[in-house]
Amino acid sequence: MRDTPSPTVDRLADYERHFSPEGLLKRYARGRVRHFSGRQILTLTGGVVVGATNGLEIGLLAVGIALLGEVLDCLCLFWILKRLAAGRSCRWARAVSTLTAFLQACTISACVFLAWFGSESGVSPLFATAFLAGAAINAGLVMPFHKLAAVVRLAVYSLTAVGLYAIDFFGPETVLNTWLLDAVGTALLAYMVALFLQFVNWGFRDNRNTTLALTKQSLALVRHQKEAHQLSLVARNAHDSVIVSNGDGTIAWVNEAFTRITGYTLSEAQGHSPGELLNGAQTDPATIASIQSAIQNGQPFRGEVQNVTKSGANIWVETNLVPILDEAGNVEMSVAVERDVTEARNYARDLKAARDAAEDGARTKAEFLATMSHEIRTPMNGVVGMTDLLLETDLDKDQRVYADTIKSSAKALLTIINDVLDLSKLDAHQMALDPVEFDLRQCCEDTVRLMWPEAKSKGLALSFNPIPSIPSQIRGDDGRLRQVLLNLIGNAIKFTHEGEITVTLSTDRWENGYILTLVVADTGIGIAKENLDHVFDRFSQADAATTRHYGGTGLGLTISLELVRMMGGEIAVQSVLGKGSRFTVTLPVDHVEEDQPEWRENLLKLGSTNLCALKCMKILVAEDNKVNRLVIKKFLAALPVDLRFSHDGQQTVKMASEFKPDLIFMDMSMPVMGGLEATRVIRDSPMEQPIIIALTANTFGSDKTACRQAGMNDFMSKPLRRADLISRLLVHAPRREGCTKQ
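Residue numbers (our numbering): 61 to 802.
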């Protein structure tokens, strides 16, 4: 729908058209053509005078010459008007009209010359001068419309007067006094004509400027009226309530939304302050004081305030109050726009309650998983430890099969527990990365070597192919990388019956580090195209038959994907059913300088030493579980260490003071006093401080943080493995200085 232009806008457009160069030219042409007959009265009058004084022939000749110039000028202007009216271009209109103006002025000058010199009697100088003055006034009046044409005409008439008096001055019968008086009188007349034309032209310009100013003021007034009308419509029909208050704070006007929200009509609200109507017992006094202070200081206020409606209901409104100041800086009025936010606040309250409930649920879940982890891992420590010890004894064939079955079943159960715990930590965003400097090639090679026995047992070839340019040192979480690689290789071995599994490692430079690419390819059963999008779904495998045949929880790939994404990478899968699968891991890692840190050199040295490094080392094991104490005792029985045990935290603190151990294996959950509290007591005591390593079934990042904050040096999760236990002793053995402690 097109807007209808207002009369004021039309007047402004008319003004611009009226005073544009083309508009002025049109007005000049129309005026010359319209007043053609009026100008001929002057021509005929002059012709009669010339005919009476110089003879009929000269009079007719003068009239004919004057008419010729007028007709030529008017015809040209008429032609210009027709072209402009038709919308056609008339580029040379001003030049042509100026030329015809010059010719018309020349014909008038010729008539004056004929009248002056046409016979011996001639006409008086006064008549000739008056005639030229009239023609000059006529020419000067069009100055605002066609300045060039007016100037040309005035120039011709001025030269005519100068020429007449010059010729007369040199005539044989010239009387100097008479000539001088006539010349001065003509000059005065010319001056008066110039003043008159100047006054007329100034009036034209003043009128033009006044018209423009009035038009613009009218347009501004209409615009302001339109804006005021629009604002009035907005205020009246707004969904939010609008309150306009006087300088003394009383309400002057409210809209319909105010009545709908509060129940008070305009007549009921007028004369009262908003606080008188709407403030209740539960309205915050500090908010009221802030609003009053803002109004007194002429400052805007924005905030939420609790109000009471006419019906007594409590509502919350978000108010945006703006004081309007007069020229003296005093508050003339104030405008408040208020929005009912009661539902929004109720929603926020419900949302917070739901969030708190979710957090409580997540916390309960985490506590449950931590408890279950501890309760399962603690007996599993005995199962795995005793199985390892049993396998080191002389067993017959059947007994070894039974022991291996117990060990593999325990490992499978631990894998399920670890997967569930890892997934829970990932969901709760509690999984923390532990970036360290490590040898990428060695890490991947050791992981592949760890899987060789499992691949060999199925008759599969497992190979590791790193490119030669692998950097020796990078920075990243080697534990999580190893976990992902173990999952991928384990999956490949599980679903491959014959053929080979290939692990390829490559790196590419990227910014300040590398893009690591790990590819695990197998010749296994493959994955159907329609199932490729679901292989990373939790508790999901290719199909139900796969789950029944191969077993497993279906969490390995899910956890691997989440870990890789957590480290900033991605996993992609390509597979052809019946031909095998190819999993590609791309991961950004940081570059590390080639110099090995001191701790790494010490660790490498320790790895190459024998068990003599542990000679005379004093070890205290704080463990309340009898089976776990037995397992640790058996694990360390062959080592040249002085081993003691404590059953609770309080006994541990006492034995640490008396026994002065080099290292304490501290269980986290013990009666009387827990491991964390016992550690803090030991750290606060003046005794020579031992190495304290936490033993816990909980593997959450928060547990490790709590151990470090309590003062523990290291962390081991149950179930314990003999190799891990001994390697941890070797790492901390150099902290002792000989074998002289008693």
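Where is the CB? At the ideal position from N, CA and C, for every residue including glycine. Note that the structure is a prediction, hence the values are computed from the model and not measured.
Check whether the Cβ of T507 sits closer than 7 Å to any heavy atom of the ligand ADP, and report yes or no. Ligands displayed in this structure: none; no statement on the ligand ADP is therefore possible.
Looking at F555: is its Cβ nearer than 8 Å to the Cβ of I575? no
By the 10 Å Cβ neighbour count, where 16 or more other Cβ atoms means buried, how is D784 classified, buried or exposed? exposed
Rounded to whole angstroms, what's the CA-CA distance from M626 to S620? Just pull it up for me. 10 Å
What does DSSP give as the partner residues of G363 in its beta bridges? T379
Out of L615, N390, G363, state which residue places its alpha-carbon closest to the alpha-carbon of V377. G363
Residue from L236, P232, F173 with nearest C-alpha to Y217: F173
Can you tell me where the alpha helix (DSSP H) with D744 in it begins and where it stops? 735 to 744 is the span of the alpha helix (DSSP H), which, as asked, contains D744.
Three-state secondary structure (DSSP) of V579: Here DSSP, grouped into helix, strand and coil, assigns V579 to strand.
Among Y88, D242, I168, whose alpha-carbon lies nearest the alpha-carbon of L219? I168
Considering just the uninterrupted stretch of the alpha helix (DSSP H) at S620, what are its terminal residues? 616 to 626
Quick one: is W659 buried, meaning 16 or more other Cβ sit within 10 Å of its Cβ, or exposed? For W659, the predicted model reports a pLDDT of 38, less than 50, meaning its position is unreliable; a value from the coordinates is still stated below. W659 comes out exposed.
Would you mind giving the Cβ-Cβ distance between T712 and L680, rounded to the nearest angstrom? I have them listed as a contact below 8 Å. 7 Å
With burial defined as no fewer than 16 other Cβ atoms inside 10 Å of the residue's Cβ, what is the status of S668: buried or exposed? Confidence is the limiting factor: at S668 the pLDDT is only 41, short of 50, which leaves the residue's position unreliable and the question unanswerable from this model.
Which residues in the same chain as H609 place their Cβ atom closer than 6 Å to its Cβ, once the five residues preceding and following it in sequence are excluded? Because the pLDDT of H609 is 46, which lies under 50, any placement of that residue in the model is unreliable, and the number read from its coordinates should be weighed accordingly. There are no such residues.
Let me check one thing: in DSSP terms, what residues is T526 bridge-paired to? Note that residue 526 is Pro in the sequence shown here, rather than Thr. P526 pairs with L565.
How many Å lie between L450 and Q459 at the Cα? 10 Å
Environment of T583 [buried if 16+ CB atoms lie within 10 Å]: Taking a 10 Å sphere around the C-beta of T583, we find 16 or more other C-beta atoms and assign the residue as buried.
When the Cα of P81 is compared with those of R154, I101, K142, which residue comes out closest? Of R154, I101, K142, the residue nearest in Cα terms is R154.
Have a look at G106 and G91 and give me their C-alpha separation to the nearest angstrom. Separation of G106 and G91 (C-alpha to C-alpha, rounded to the nearest whole angstrom) is 22 Å.
Does the Cβ-Cβ distance between A221 and L192 come in under 8 Å? yes
How would you label T39, buried or exposed, when you count the other beta carbons within 10 angstroms and need 16 or more for buried? Since the first residue shown for the chain is 61 and the last is 802, residue 39 is missing from the structure and cannot be characterised.
Should P700 and P721 be called a contact, given that it needs their Cβ atoms to be closer than 8 Å? no
Quick check: the Cα distance between A417 and R405, rounded to an integer number of angstroms? 18 Å
Taking all protein chains shown into account, do 16 or more other C-beta atoms lie within 10 angstroms of the C-beta of L120, making it buried, or fewer, making it exposed? By the Cβ-count criterion, L120 is exposed, with fewer than 16 other Cβ atoms from all chains shown falling within 10 Å of its own Cβ.
Along the chain, where does the beta strand (DSSP E) containing N306 start, and where does it finish? First-last of the beta strand (DSSP E) with N306: 301 to 306.
Among the candidates E683, V391, K693, T765, whose CA atom is the shortest distance from the CA of H707? E683
Taking the beta strand (DSSP E) that E392 belongs to, which residues open and close that run? 391 to 400
Per-residue burial, W176 [other beta carbons within 10 Å of its own, 16 or more giving buried]: buried
Please look up how many angstroms separate the CB atoms of M747 and A716, rounded, as I've assumed it's under 8 Å. 7 Å
Quick check on the burial criterion: 16 or more other C-beta atoms within 10 angstroms. Buried or exposed for R213? buried
F596: which of L411, A341, L548 sits nearest, CA to CA? L548
Could you give the C-beta distance for L520 and V508, rounded to a whole number, given that I count them as a contact under 8 Å? Wrong, their Cβ atoms sit about 12 Å apart, outside the cutoff.
What are the boundary residues of the alpha helix (DSSP H) that includes R782? Start and end: 782 to 792.
Any idea if Q804 is buried or exposed, counting beta-carbon neighbours within 10 angstroms, 16 or more meaning buried? With the chain running from 61 to 802 in the structure shown, residue 804 is simply not present.
Helix, strand or coil at G574 [DSSP, three-state]: Looking at the sequence itself, residue 574 is Tyr, so the reference to Gly does not match. In the structure shown, Y574 sits in a strand (DSSP, three-state: E or B).
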